[in-house]
Amino acid sequence: MTSVLVKDLTLKFGALTVLDTLNIDIPEGEFLVLLGASGCGKSTLLNCIAGLLDVTDGEIHINDRNVTWAEPSERGIGMVFQSYALYPQMTVAGNLSFGLRNARMPKDEIAARVARAAEVLQIEPLLDRKPAALSGGQRQRVAIGRALVRDVDVFLFDEPLSNLDAKLRADLRVEIKRLHHNLKNTMIYVTHDQVEAMTLADRIAIMKGGVIQQLDTPTEIYNRPINKYVAGFIGSPEINFFEGRIEGNHFVTDDLNIPLAEYAFQSGKLDRPAWFGIRPEHILSGDMARDLPFSQEVEIEIVEPMGSDTLAWTTLGGHPLRIRMDGQAAVASGTRLLVGFDPARGSFFDAASELRL
Amino acid sequence: MATSPGTSKRPMRLLRNLNAKIASIPMVATALVIFVGCTLWTVVYSFTDSKLLPRLNFVGFDQYDRLWGTRRWLVSIENLAWYGVCSLILTLVIGFTLAALLDRKVRFENTFRTILLYPFALSFIVTGLVWQWILNPDFGVQQVVRDWGWTSFTFDPLYNPDIVIFGILIAGIWQGSGLIMVIMLAGLRGIDEDIWKAARVDGIPTWKTYVVVIIPMMRPVFVTALVLIASGIVKVYDLVVAQTSGGPGIASEVPAKYVYDKMFASQNLAQGFAASTMMLVSVIIILIPWAYLEFGGKKRG
Amino acid sequence: MVDASQPRGPKPRKRLSRGNIMLYGTLIVVAMYYALPLYVMIVTSLKGMPEIRMGNVFSPPVEITFQPWVKAWSEACTGINCDGLSRGFWNSVQILVPSVFLSIIIASINGYALANWRFKGADVFFTILILGAFIPYQVMLYPIVIILREMGLYGSLWGLVLVHTVFGMPILTLLFRNYFTAIPEELFKAARVDGAGFWGIYFRIMLPMSLPIFVVAMILQVTGIWNDFLFGVIYTRPEIYPMTVQLNNIVNSVQGVKEYNVNMAATLLTGLVPLTIYFVSGKLFVRGIAAGAVKG
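Residue numbers (the working numbering), protein chains in the order written: chain C, 119 to 475; chain L, 46 to 346; chain W, 183 to 478.
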């Protein structure tokens, strides 16, 4: 069953088109992440779904109800903000009950709901505190609780973790995932952090310039990026790109001649100018590289040991190349090393349209 | 598909945000009726021959001709020019100097600031009356100096038509310089402390740091202060009424008083309208270069 | 607004260096000059007339008398009324209280609407409002007389209240708009998701968070309205003249012998309300005028 449906949604500020004919169909219980660089329109889209921005054209349906022009509170959504936006002058209990009081719910019903939400989120001891006296994690729980008590169908998250330090961010990320696992509500989550997107999402919508580039599962997006932008945006360290030509069974660039091997072309193989992208972790080295369709000896220039893995920088046929190796790999800069990859694990993009081939 | 009515239709433009629009009615009314409407009304009626009551009998620029032919208006303008230039320069200099002194990690800064600023809390009427008393030649400053033995000492600005405007200036600066000091102080505090460290490392003497580095950095603050002083100058009225009532004779008349007297005392409305329109013109002349400096070129968010 | 509480000039050197002596010397002399008029008012108001005629304005009173204060408060004459400044004082209070409340309520709602509920055209009116603050009052005085007369309010207390509300609006609206704009927008959004409307957000989210700015606005308005002379003299009639107008009429009346001590007592009495507010509120007053002064 469809939970949230965005139909031909367009938003313009004067002559500027911020969102351009977006279509998304979110099934019930899905965790959808809107991912993109700042200014791509992801937060704007979320605000439109929440009803905080008036759309120029198109429709928004929530639970099969057209809510395009409904007030935010009438849409059955709850929202968690980047700053958490807890009302500073109210206690935690006051924060949780504010929406219910606005809806003129009977007092005992409010009390019951607040108590239940506090139990689910384990914030019962904090109910009488003011937000200023809470830790970052506690604030997030109260912010989620504010949506929880209203018994909404859809949770909207607007970059809730981006103000936090790295450690807390990782903890709270897990907490959100656990919450989704328990509640099974539809959740739409905006972030610019691809780690958050990859770890949390059932599906990711990658946005750029007010347009959805690709809407798919994290693995699919990671392995089969639909265009060059998505390939470059997802993955850290960044994917390696080579500009060249597909000629027969080879991809030719400067003095490299890479066999296409088993690469599965979507729309038939044609000779044409193209980009080839291969992720740093798909480049193997040493003995493992020997039997791959493509391998070559290179000189390692810079080594960045990061503990869990090691990043090495080198040059392949005049192109800079990033390689991700095992954390214990003993390579030093200046050493020569055999590296190789299977082109079937990489991606080819048309040079003009930048779409996946 | 069950679609509840009412929420799917785009609401009428006018009704969107209705509460905010209703709440803004006083603001809209003030802006349109008072600031635009009344101003235009006065400008229009300044071209009539209204006397006791306003009437639309247009006489072209007659009122302006008469205005610029009236000695009292010319004296008012001359006074305003003297008062304006002196108070602009002195207030800026005094305000900045005092702020710079207070910014030098002075002990009892709050006490000093409290003393320098309290005159600003007082009305022009109170200010005018107390300085009228201090400058009283029989009991005030003049008499004090004479009592010390300098019997020929003369300092009676309020009774000397040639310098009476400077007597008013003394009071005006006493009242207003504290405000400028506070603004300048806020400006000085807004300057990155590293600037001072850099200047000290470079071995630039303190006074030179102020002149070469700090003052240029405080340009916006100076502009604000300037606009503030200037728009205050044009409105000078209460102070003169309290201190000298425009005397001796007409020696300390100012435009605002001319307007009031024509409109409400001598039943010569159109003269008053013409004079006030001239005041408006002078303000516009001050404001346009400022607006250009402030907003011209780049737009602010 | 920059925090003005931390001195950040160059570090002072040794305690009693020549520069330091000059610095403090200058400041003390300047402070004495600024304090002088207040001192003169006080000493003059405490002297008898014979003593004033003998000495000068700066000499301290030999024999302290409170008679001038009593006379200024309850006996001084303006025209035919001889019930002292007390009349003006109570007039001013009656003008002040509704003016302050009305102007602050209206301006805060304006500021809130401008900061959070921007509708098309709102900025145009706001710009006109701010530019209006620079228009000399003289240009608008007479048409307002006509408007008030049409409304039947000319010469009445409520007419003056309305005038104060109108002319206080630009600066107060700016003050509130800037304050509300600085409150994180997400709080406002959260409240909307929670189902609060225009008034609900104003009263239950914005108001409780904005007490300091209301105090600042109150200080600004109390001082400004109490000190007003021009509007009082134009838009009211003699029986309800505010204190400043009555003070000027007492001191600058041409009839009778000048009683300088009574005059100074009256002057001091008139200045007492804003002075008290100033000395009590301290930092907030400074913040208010600085906020009011640094526009935009």
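Using N, Cα and C, we set each Cβ at its ideal position, and we do this for glycine too.
All values reported here derive from a predicted model rather than from experimental measurement.
Mind checking who residue i pairs with in its DSSP beta bridge?
i: Pro377/C; result: His368/C
i: Val457/C; result: Ser403/C, Gln414/C
i: Leu333/C; result: Ala323/C
i: Pro423/C; result: Thr428/C
i: Trp393/C; result: Glu361/C, Phe467/C
i: Val151/C; result: Tyr307/C, Ile322/C
i: Arg474/C; result: Phe467/C
i: Phe318/L; result: Partner(s): none; Phe318/L has no beta bridge.
Could you give the DSSP three-state label for residue i: helix, strand or coil?
i: Gly201/W; result: helix
i: Asp185/W; result: Any reading at Asp185/W must be qualified, since the residue scores a pLDDT of 46, below 50, and its modelled position is unreliable; no value is offered.
i: Ala270/L; result: helix
i: Ser95/L; result: coil
i: Val130/L; result: helix
i: Lys496/C; result: Summary: the structure shown does not reach residue 496/C, with chain C confined to residues 119 through 475, and so no result is reported for it.
i: Ser121/C; result: strand
i: Val198/C; result: strand
i: Glu177/C; result: strand
i: Gly232/L; result: helix
i: Leu219/W; result: Sequence inspection shows Pro at residue 219/W; the Leu mentioned does not correspond to that position. The answer is helix: DSSP assigns Pro219/W an H, G or I state.
i: Asp306/L; result: helix
i: Ile441/C; result: strand
i: Val136/C; result: strand
i: Arg222/C; result: coil
i: Arg269/W; result: helix
i: Ser49/L; result: Note that Ser49/L scores a pLDDT of 44, beneath 50, so its modelled location is shaky; the value from the coordinates is reported in the next line. If DSSP states are grouped into helix, strand and coil, Ser49/L belongs with coil.
i: Gly337/W; result: strand
i: Thr128/C; result: strand
i: Leu434/C; result: strand
i: Asn341/C; result: helix
i: Asp143/C; result: strand
i: Asn184/C; result: strand
i: Thr289/L; result: coil
i: Asn213/C; result: helix
i: Thr115/L; result: coil
Exposed or buried, residue i, counting other C-beta atoms within 10 Å across all chains shown (16 or more means buried)?
i: Arg291/C; result: buried
i: Gly479/W; result: Examination of residue 479/W is not possible in this model, given that chain W is present from 183 through 478 alone.
i: Ile441/C; result: buried
i: Lys465/W; result: exposed
i: Val304/L; result: buried
i: Tyr221/W; result: exposed
i: Cys264/W; result: exposed
i: Asn298/W; result: buried
i: Tyr216/W; result: buried
i: Lys346/C; result: buried
i: Pro318/W; result: buried
i: Ser311/L; result: exposed
i: Trp113/L; result: exposed
i: Met322/W; result: buried
i: Lys242/L; result: exposed
Is residue i near the ligand GDP, going by C-beta to nearest heavy atom under 7 Å?
i: Leu228/W; result: The ligand GDP is absent from the structure shown, which contains no ligand whatsoever.
For this session: Identify every run of the beta strand (DSSP E) within the region 257-324 of chain C, keeping only runs that are complete inside it and at least 3 residues long; order them along the chain.
Result: Counting only runs of 3 or more, we get 272-276, 304-309.
Inside the region 166-203 of chain L only - alpha helix (DSSP H) runs reaching at least 4 residues: If only complete runs of 4 or more residues are kept, the region 166-203 of chain L shows the alpha helix (DSSP H) at 169-179, 186-192, in order along the chain.
Please determine if the region 373-380 of chain W and the region 389-407 of chain W are in contact, where contact requires at least 3 C-beta pairs separated by less than 8 Å. The region 373-380 of chain W is not in contact with the region 389-407 of chain W.
Is the region 315-324 of chain C touching the region 446-457 of chain C in the sense that three or more CB pairs, one from each, lie closer than 8 Å? Result no; under three Cβ-Cβ pairs closer than 8 Å.
inquiry  = At 4 residues or longer, what runs of the alpha helix (DSSP H) sit wholly inside the region 404-438 of chain W?
reply    = Taking only runs of at least 4 residues, the alpha helix (DSSP H) segments lying wholly in the region 404-438 of chain W are 412-417, 425-433.
Would you call the region 211-223 of chain W in contact with the region 401-417 of chain W, where contact means no fewer than 3 C-beta pairs closer than 8 Å? Result no; under three Cβ-Cβ pairs closer than 8 Å.
Okay, do the region 177-187 of chain L and the region 161-169 of chain L touch, 3+ Cβ pairs below 8 Å being the bar? Short answer: they don't touch.
Do the region 253-269 of chain C and the region 230-237 of chain C meet, that is, are 3 or more Cβ pairs less than 8 Å apart? By the criterion of at least three beta-carbon pairs nearer than 8 Å, the region 253-269 of chain C is in contact with the region 230-237 of chain C.
Inset, instruction - Say whether the region 447-455 of chain W touches the region 311-322 of chain L, bearing in mind that this needs 3 or more beta-carbon pairs closer than 8 Å, one atom from each stretch. - result: Because the criterion of three Cβ pairs below 8 Å is not met, the region 447-455 of chain W and the region 311-322 of chain L do not touch.
| message | Does the region 243-253 of chain L come into contact with the region 267-287 of chain L, if we say contact requires no fewer than three beta-carbon pairs (one atom in each stretch) closer than 8 Å? | response | No: fewer than three Cβ pairs fall under 8 Å.
Practice item. Give, in chain order, every unbroken run of the alpha helix (DSSP H) that is at least 4 residues long and sits entirely within the region 227-256 of chain W. Key: If we require 4 residues or more, the alpha helix (DSSP H) runs fully inside the region 227-256 of chain W come out as 231-236, 249-256.
Q. Any contact of the region 466-475 of chain C with the region 328-345 of chain C, i.e. 3+ C-beta pairs under 8 Å?
A. Counting Cβ pairs under 8 Å, three or more are found: they touch.
Subject >> Contact the region 202-210 of chain C vs the region 238-251 of chain C: 3+ CB pairs below 8 Å >> reply: Touching, yes.
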